[in-house]
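Be aware that the sequence shown starts at 18, since it is given in my numbering, and climbs by one per residue.
Presented below is the structure to which this report refers.
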Amino acid sequence: MEIFIGLIIGTIASIAVGVWATKKQTPLQEETVLDAPSFSEKDDTIFLEKKLRDAIYDCERNVSACKDQINTICQDQLDLLKEVGKKSYVEVKNKPLFFEYYNPTTLERHFYYQRDLSPKMALDILDSTKKIIQKYSNHISLITTQQELFKQLIISHKENIDRIYGVKNQNIQVKKVSLHKNKLAELEGKNKLEEQAIYNQLMVNDIREELEHQEECLRQYIELNKKYENPFDQDVEKKFEQQIKIIIDQLEK
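This is the structure in structure tokens:
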């Protein structure tokens with residue numbers, strides 16, 4: 018599990034710096050709402066977009082690391098299973114099953130049935146083999162949940178980038194219309210433009226707050242990673258997986 022800590026710390030660092038930087042920006046001059054977006058607003062969107070892209074990159078690296086580890090563990094399972102008996106690619110209901118192999122990355126699935134096991138294999142060896150490959154499966158389940166956490170973060174970050182683009186495009190239009198404000202001072206849409214500019218700034222503030230929430234979720238994940246450090250204690254792994262699912266629920270909300 019420690020394989021992810023360095024990558025995750027990088028993710029948090031990039032988000033934390035971005036949030037801190039946007040909070041530190043102050044306007045260089047006072048401007049009316051209908052004028053071009055203030056320097057502080059431009060800096061907010063620039064910093065937020067950069068940090069979101071950095072965070073996406075780090076999360077994608079974590080997703081890839083999870084995938085590699087899952088494939089490695091699945092290969093270890095296959096190495097144990099190849100001497101056990103004949104494998105089948107067909108699921109037969111009610112047929113006594115020794116083990117069901119499944120790789121969530123490749124979606125490969127096959128079955129080892131009791132009656133197809135090698136008669137040369139001692140029962141105690143079969144029992145030990147089954148326990149080990151089951152522990153491997155439990156660990157795969159944990160890593161898959163970790164991978165889901167990073168995928169959810171990527172989705173959220175990309176949605177926020179789209180929101181930033183929406184703010185940028187609307188601000189460009191506000192600026193165009195504001196160039197004609199002296200000629201169209203009586204235009205009834207003036208108040209709507211003011212409302213839109215205020216809404217755009219609120220949108221930026223909302224994205225910043227969401228990044229802070231995601232940063233907190235990642236901090237919780239790191240603390241859990243440190244707490245549940247025994248990779249093959251079944252009770253520990255289950256508790257760890259459940260706690261990660263809680264964090265995923267927090268992100269989705």
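By construction, the Cβ of each residue, glycine as well, lies at the ideal position given by its N, Cα and C atoms.
The structure presented is a predicted model; accordingly, all values stated were derived computationally and were not measured.
Could you tell me the alpha carbon to alpha carbon distance between residue i and residue j, rounded to whole angstroms?
i, j, result
"ILE150", "LEU65", "44 Å"
"GLN260", "GLN94", "26 Å"
"LEU143", "THR62", "59 Å"
"ILE171", "ILE239", "18 Å"
"LYS68", "GLU227", "12 Å"
"HIS230", "GLN86", "28 Å"
"TYR153", "GLU258", "14 Å"
"LEU97", "ASP252", "23 Å"
"ASN88", "GLU165", "16 Å"
"ASN242", "PRO136", "42 Å"
"ASN161", "THR123", "Per the sequence presented here, residue 161 reads as Thr, with Asn not at that position. Cα to Cα, THR161 sits roughly 13 Å from THR123."
"GLN92", "ASN222", "47 Å"
"ASN111", "LEU140", "22 Å"
"THR146", "PHE116", "10 Å"
"ARG132", "GLU125", "22 Å"
"ARG70", "GLN237", "22 Å"
"LYS148", "ILE90", "14 Å"
Only counting the same chain, and skipping five residues up and downstream in sequence, which positions put a Cβ closer than 7 Å to that of residue i?
i, result
"HIS316", "Since the first and last residues shown for the chain are 18 and 270, residue 316 lies out of range."
"ILE224", "LEU65, ASN177, ARG180 and ILE181"
"GLU108", "PHE128"
"MET138", "VAL101"
"LYS175", "ILE73"
"LYS262", "THR162"
Between residue i and residue j, how many whole angstroms is the CB-CB distance? I'm expecting something under 8 Å.
i, j, result
"CYS83", "GLN163", "6 Å"
"PRO113", "TYR130", "6 Å"
"LEU272", "GLY102", "Here the chain has residues from 18 to 270 only, and residue 272 is not among them."
"SER275", "LEU268", "Limits of the chain in this structure are 18 at one end and 270 at the other, which puts residue 275 out of reach."
"ASN120", "GLU254", "Incorrect: roughly 18 Å between the Cβ atoms, too far for contact."
Does DSSP put residue i in a helix, in a strand, or in coil?
i, result
"TYR271", "Nothing about residue 271 can be reported from this structure: the residues present for the chain run from 18 to 270 only."
"ASN120", "strand"
"GLU227", "helix"
"GLU240", "helix"
"TYR129", "strand"
Determine the burial state of residue i: buried for a count of at least 16 other Cβ atoms within 10 Å of its Cβ, exposed for fewer.
i, result
"TYR245", "buried"
"ALA72", "buried"
"VAL80", "buried"
"GLU232", "buried"
"ILE265", "buried"
"ASP75", "buried"
"LEU235", "buried"
Counting only the same chain and skipping the five closest in sequence on each side, list residues whose C-beta sits under 6 Å from that of residue i.
i, result
"PHE167", "CYS76, ASN79 and VAL80"
Sorted by chain position, which residues of the same chain lie with C-beta nearer than 8 Å to residue i's C-beta, five sequence neighbours on each side aside?
i, result
"LYS256", "TYR245"
"LYS99", "none"
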